[in-house]
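In the working numbering, the protein residues as written are 44 to 184.
Even for Gly, the Cβ is constructed at its ideal location relative to N, Cα and C.
If you're wondering where the values come from, they're calculated on a predicted model, not measured in any experiment.
Step one of this worksheet: look at the structure below.
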């Protein structure tokens, strides 16, 4: 499998997050948002992880690796790791999340993306939350 660059992974995450924002039903939105978060984590790993030559060990969760490589993102890693079983169930077509939970995850992934951009010293991209149904902000803020 070819290695993808940090920037390619962040671009894929942004694209996936935008797709998630408009996806229906809620399970699909949740799964797409969670996959976008995985791409964000992969971008951090691409930027910071040092591959070890030699034999490969057992597969390790991206979230566990993220917490090791970027301890400052450990709470985010725990948060998204806890949602992985729900993502898998949603991908299997089970009704495990409602619209509110899916929308909340989209917003959390957007925040995570911004935090990672900051951690990596990258300029932040414009927020997507105004495009998520039910999240548009009023002009009074």
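Other residues of its chain near residue i: CB distance less than 6 Å, five sequence neighbours each side excluded
i: residue 62; result: 75
i: residue 145; result: 69, 72, 73
i: residue 148; result: 73, 76
i: residue 167; result: 157, 160
i: residue 100; result: none
i: residue 116; result: 109
i: residue 141; result: 69
Residue i to residue j span [Cα, whole Å]
i: residue 153; j: residue 137; result: 25 Å
i: residue 169; j: residue 123; result: 22 Å
i: residue 109; j: residue 150; result: 20 Å
i: residue 103; j: residue 83; result: 17 Å
i: residue 51; j: residue 155; result: 17 Å
Backbone secondary structure at residue i - three-state DSSP
i: residue 92; result: coil
i: residue 151; result: helix
i: residue 116; result: helix
i: residue 60; result: helix
i: residue 107; result: helix
i: residue 140; result: coil
i: residue 133; result: helix
Same chain, Cβ closer than 7 Å to residue i, neighbours up to 5 away in sequence not counted
i: residue 113; result: 87, 91, 162
i: residue 139; result: 70, 129, 132, 133
i: residue 81; result: 105
i: residue 78; result: 59
CB contact below 8 Å: residue i versus chain D
i: residue 142; result: Among the chains in the structure shown there is no chain D, since it carries only a single protein chain.
Nonlocal neighbours in the same chain, by C-beta distance under 8 Å from residue i, ignoring five residues either side
i: residue 47; result: 55, 85, 89
Practice item. Report yes or no: do three or more beta-carbon pairs, one from the segment 91 to 107 and one from the segment 50 to 62, lie closer than 8 Å? Key: no
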